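Structure record follows, encoded as structure tokens.
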Amino acid sequence: MLQELAEKYDLPRLILEQRSISKLKSTYTDKLPIQVKSTSGRIHSSFQQAIAATGRLSSTDPNLQNIPIRTPEGRRVRKAFIAKEGFKLMAADYSQVELRIMAHLSRDAGLLSAFSSAEDVHKATAADVFNTPVDSVTAEQRRSAKAINFGLIYGMSAFGLAKQLNISRGEAQQYVERYFERYPGVRTYMDETRVFADENGFVETIFGRRLYLPGITASNAMIRKAAQRAAINAPMQGSAADIIKQAMIDIDRWLRIGDLDASMLLQVHDELVFEVREKDVELLSEGVKFRMMTAASLEVPLLVDIGVGNNWDQAH
DNA sequence: GAGGGGAGCGCG
DNA sequence: AAAGCGCGCTCCCCTC
Numbered sequence: 068m069l070q071e072l073a074e075k076y077d078l079p080r081l082i083l084e085q086r087s088i089s090k091l092k093s094t095y096t097d098k099l100p101i102q103v104k105s106t107s108g109r110i111h112s113s114f115q116q117a118i119a120a121t122g123r124l125s126s127t128d129p130n131l132q133n134i135p136i137r138t139p140e141g142r143r144v145r146k147a148f149i150a151k152e153g154f155k156l157m158a159a160d161y162s163q164v165e166l167r168i169m170a171h172l173s174r175d176a177g178l179l180s181a182f183s184s185a186e187d188v189h190k191a192t193a194a195d196v197f198n199t200p201v202d203s204v205t206a207e208q209r210r211s212a213k214a215i216n217f218g219l220i221y222g223m224s225a226f227g228l229a230k231q232l233n234i235s236r237g238e239a240q241q242y243v244e245r246y247f248e249r250y251p252g253v254r255t256y257m258d259e260t261r262v263f264a265d266e267n268g269f270v271e272t273i274f275g276r277r278l279y280l281p282g283i284t285a286s287n288a289m290i291r292k293a294a295q296r297a298a299i300n301a302p303m304q305g306s307a308a309d310i311i312k313q314a315m316i317d318i319d320r321w322l323r324i325g326d327l328d329a330s331m332l333l334q335v336h337d338e339l340v341f342e343v344r345e346k347d348v349e350l351l352s353e354g355v356k357f358r359m360m361t362a363a364s365l366e367v368p369l370l371v372d373i374g375v376g377n378n379w380d381q382a383h
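Its first residue numbered 68, the first sequence is counted upward by one per residue in our numbering.
This is the structure we're talking about:
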């Protein structure tokens with residue numbers, strides 16, 4: 068609501084700015100320093116394993132899975148997470164893992180090829196949807212394609228896409244139609260997933276872990292639609308959760324051997340954060356990358372980006 | 001003073 | 001009438 072008004076007026080913009088800054092202060096700047104344990108000089112978060120419906124971990128006391136990164140002011144908080152003397156922080160991120168899982172699950176030829184050929188999948192999608200060479204894709208087209216890609220994972224409608232991109236509903240509808248023309252397997256997969264959920268009352272990840280959806284047969288259309296969106300999303304979000312957990316187990320087993328001076332500190336859904344002695348950075352990087360990439364074998368490669376730095380922001 | 005519930009905002 | 005998935009924390013209002 069304010070978001071829209073802020074495009075035209077100063078007051079709503081200032082209100083949003085104030086809220087954002089006070090959020091940073093109350094939740095992070097004021098709080099994190101007093102959560103440092105005196106015995107270790109560190110913050111010790113808890114990771115819950117049986118909270119999120121899709122099988123993700125959740126982090127509490129404090130939540131270290133929502134440390135700011137999207138704005139320059141927020142990133143200053145992230146810079147406060149530093150490696151101890153002689154060590155580096157290393158972040159290892161899966162690249163577009165949920166979209167890759169969608170390609171795997173749908174077996175859609177176009178999406179599979181977008182991933183096998185392109186280094187930038189949103190750009191590749193833009194080229195397909197807007198029927199233009201990859202090199203001619205504009206920033207605007209890429210932005211639209213990215214919104215479509217993310218929207219699909221969440222079960223978004225043309226209405227939601229229109230709002231997201233600030234375009235008319237008809238235009239958004241055209242984008243969606245062109246997308247499904249190019250990637251018909253994705254539409255089929257989504258239709259089949261809704262039917263499966265309706266008939267069985269659950270959906271499952273690649274590895275067979277289930278999410279039950281009691282709302283899928285509700286007479287209330289709003290509840291039913293929400294359950295359908297959850298049914299679309301859960302196999303992707305849940306399979307991604309399964310994969311990174313497998314990688315964590317493999318990495319833990321490997322690090323326990325003790326050849327490397329390194330520890331796994333955090334998991335942030337598609338990212339693992341390590342602290343590693345400087346001399347072991349290269350070995351850790353290679354070992355982590357290999358284990359994350361081979362935690363599952365899909366129809367598309369799983370790519371991992373690695374970053375190293377003295378603080379968590381630098382490691383990205 | 002404790003705790004519920006909603007709004008709002010931080011992240012993937 | 002609503003319209004985008006999954007979380008946790010702070011603030012505020014309210015009740016007990």
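Don't be surprised by glycine CBs; every beta carbon is placed ideally from N, CA and C. All values reported here derive from a predicted model rather than from experimental measurement.
Would you kindly work out how many angstroms separate the C-alpha atoms of residue i and residue j, rounded to a whole number?
i, j, result
"Val-103", "Gly-376", "21 Å"
"Phe-114", "Ser-125", "6 Å"
"Glu-345", "Gly-325", "16 Å"
"Ile-136", "Lys-146", "10 Å"
"Glu-71", "Ile-82", "13 Å"
"Ala-382", "Asn-233", "33 Å"
"Gln-85", "Gly-354", "44 Å"
"Glu-342", "Met-289", "46 Å"
"Ala-329", "Ala-298", "38 Å"
"Arg-143", "Leu-99", "13 Å"
"Val-201", "Ile-110", "45 Å"
"Arg-276", "Pro-302", "9 Å"
"Pro-139", "Asn-130", "20 Å"
"Tyr-246", "Asp-380", "35 Å"
"Ser-211", "Ala-225", "12 Å"
"Glu-238", "Gln-208", "13 Å"
"Ala-65", "Ser-184", "Examination of residue 65 is not possible in this model, given that the chain is present from 68 through 383 alone."
"Leu-332", "Glu-244", "43 Å"
"Leu-280", "Ala-264", "7 Å"
"Gln-334", "Gly-122", "13 Å"
"Leu-178", "Ile-215", "13 Å"
"Asp-128", "Thr-94", "11 Å"
"Leu-278", "Arg-296", "12 Å"
"Ala-293", "Arg-323", "43 Å"
"Phe-148", "Ala-229", "38 Å"
"Ser-105", "Ser-89", "27 Å"
"Arg-358", "Val-340", "14 Å"
"Val-188", "Ile-316", "29 Å"
"Arg-360", "Lys-92", "Strictly speaking, residue 360 in this sequence is Met, with Arg absent from that position. Met-360 and Lys-92: Cα-Cα distance of roughly 37 Å."
"Leu-172", "Lys-75", "43 Å"
"Ser-87", "Gln-231", "20 Å"
Evaluate residue i with the Cβ neighbour count: other Cβ atoms within 10 Å of its Cβ, from every protein chain shown; 16 or more gives buried, anything less gives exposed.
i, result
"Ala-117", "exposed"
"Leu-69", "exposed"
"Thr-205", "exposed"
"Lys-190", "buried"
"Tyr-54", "Nothing about residue 54 can be read from this structure; the chain reaches only from 68 to 383."
"Asp-175", "buried"
"Tyr-256", "buried"
"Asn-300", "buried"
"Asp-16", "Given a span of 68 to 383 for the chain in the structure shown, any question on residue 16 remains unanswerable."
"Ile-311", "buried"
"Ala-120", "exposed"
By DSSP's criteria, residue i is part of a beta bridge. Which residues make up the other side?
i, result
"Phe-114", "Ser-126"
"Phe-154", "Arg-344"
"Asn-378", "Ile-149"
"Asp-160", "Glu-338, Asp-372"
"Met-331", "Phe-341"
"Ser-271", "A quick correction: the sequence has Glu, not Ser, at residue 271. The partner list for Glu-271 (beta bridge, DSSP) reads Arg-277."
"Thr-109", "It is worth fixing the name first, because residue 109 is Arg in this sequence and not Thr. For Arg-109, which the question treats as bridged, DSSP gives the partners Lys-104."
Does the region 350 to 357 come close enough to the region 189 to 197 that 3 or more CB-CB pairs lie under 8 Å? no
Tell me whether the region 246 to 259 and the region 270 to 282 touch, counting them as touching only if at least three CB pairs, one residue from each stretch, are closer than 8 Å. no
So, does the region 149 to 161 touch the region 363 to 379, judging by three or more C-beta pairs under 8 Å? yes
Using a Cβ distance threshold of 8 Å, determine whether the region 306 to 314 contacts the region 159 to 171, with at least three qualifying pairs required. yes
Beta strand (DSSP E) runs contained entirely in the region 273 to 310, provided each spans 3 or more residues: 277 to 279
Pick out the complete alpha helix (DSSP H) segments inside the region 184 to 210, 4 residues or longer, and give them in chain order. 188 to 196
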